[in-house]
Every structure is written in C-alpha cells, then in structure tokens.
Amino acid sequence: MHLGGQDIQIRGLAINDYAQMVQLWRNSGLSFRPHGRDSKEAIEAQMETDPDFFLGAFEGSHLVGAVIISCDGRKGWINRLAVDPEHRRKGIAKALIAEAERALRKRGIRVFCVLIKDSNESSKNLFRNVGYEELMDIKYFSKRDSEEV
1216 MHLGGQDIQI RGLAINDYAQ MVQLWRNSGL SFRPHGRDSK EAIEAQMETD PDFFLGAFEG
1276 SHLVGAVIIS CDGRKGWINR LAVDPEHRRK GIAKALIAEA ERALRKRGIR VFCVLIKDSN
1336 ESSKNLFRNV GYEELMDIKY FSKRDSEEV
C-alpha cells in the first residue's frame, strides 16, 4: 500500500512487535499501563485469543502505526490507535481504521465505536472524517479494580 509517498504494509501484530508497540505509544503520547492491561503478558494473552484484533502499519520493519480492536459481541471497539508523529497526515490512521472495521465485519460486527478524550481534537476530527458520529448525550462510566487495569 502506498500512503503519503511511503510504502506501508498493514499486517497483524505479534508479541515480538511488543517493544515497538510500546515505543510507538510513547512517541504518540498515549498513556499505557505496563504493569497491568498493557503488560507484555496481558497483550500476549489477548493476541492468543484474538490475533486478528492487533494491527500494525509498517514501513519496512519499522512500526509506524497500530490499533487494537475489541468487541463485546454487539459492538466493535477501536482502541489504542496510534501513528508515529513523523508519519501523521499520510492516511495511515484512516487505513488502520478501515482494516479494523474489516476485521470486525468478519466477526459479524456492524457497529463500530471509539472512545476519545474530549480534548483530543485531532482524533475527533479523524473519526468524523471517516464517518463516525459524535454522540453528545452519552456519558462514559468506568470502575476499575486498580489503576493498572
């Protein structure tokens, strides 16, 4: 795939991509919980259960974008979408979203969702541009057993 003047390959991620994934999250400013849900062990367990739900965009062997997908059987969730700052505005995020939706459709999922911090205008604009509707009347609640989950 040729995106923004670059040859980018989107493929499934494997646990040996974990270090690059963590570095991508850091470079992208995403917070992560390395001692909990984002630990290598937790990610590996998720990859074993749903290997097609971890996608990476590679320039050669270098990971420049990634997304983690999940679903609850009714809705699909696009999580942890990240693109290296040096590779943004080249269509990589849109391509990852399209691949995530394709993976979810293979599971029979037809409703796609994403949670975005209200202050993240660039992500909100990205998802609006690919057809997502911002729902203003929904409030998100969460309860955690610890800060790492």
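Going by my numbering, the residue at position 71 of the sequence shown is 1286; the numbering climbs one at a time, nothing skipped. From the three backbone atoms N, C-alpha and C, an ideal C-beta is built for every residue, glycine too. Since the structure is predicted, the reported quantities are computational estimates derived from the model, not experimental observations.
Contact check, Gly-1346 vs Leu-1319, beta carbons under 8 Å: no
Phe-1327 at chain B interface by Cβ criterion, 8 Å: You won't find chain B in this structure, because it holds only one protein chain.
Buried versus exposed, by CB contacts within 10 Å (16 or more), Phe-1356: exposed
Arg-1303: CB within 7 Å of a non-hydrogen atom of the ligand NAD: With respect to the ligand NAD, the structure shown offers nothing to examine, as it has no ligands at all.
C-alpha gap between Met-1236 and Val-1282, whole angstroms: 10 Å
Simplified DSSP state of Arg-1343, which is helix, strand or coil: helix
Contact under 8 Å by Cβ, Ala-1310 with Ala-1272: yes
Per DSSP, cross-strand counterpart(s) of Glu-1274: His-1277
Buried or exposed (CB count within 10 angstroms, at least 16 for buried), Ile-1353: exposed
Delimiting residues of the beta strand (DSSP E) encompassing Ile-1258: Run containing Ile-1258: none in the beta strand (DSSP E); it sits in the alpha helix (DSSP H), 1255 to 1264.
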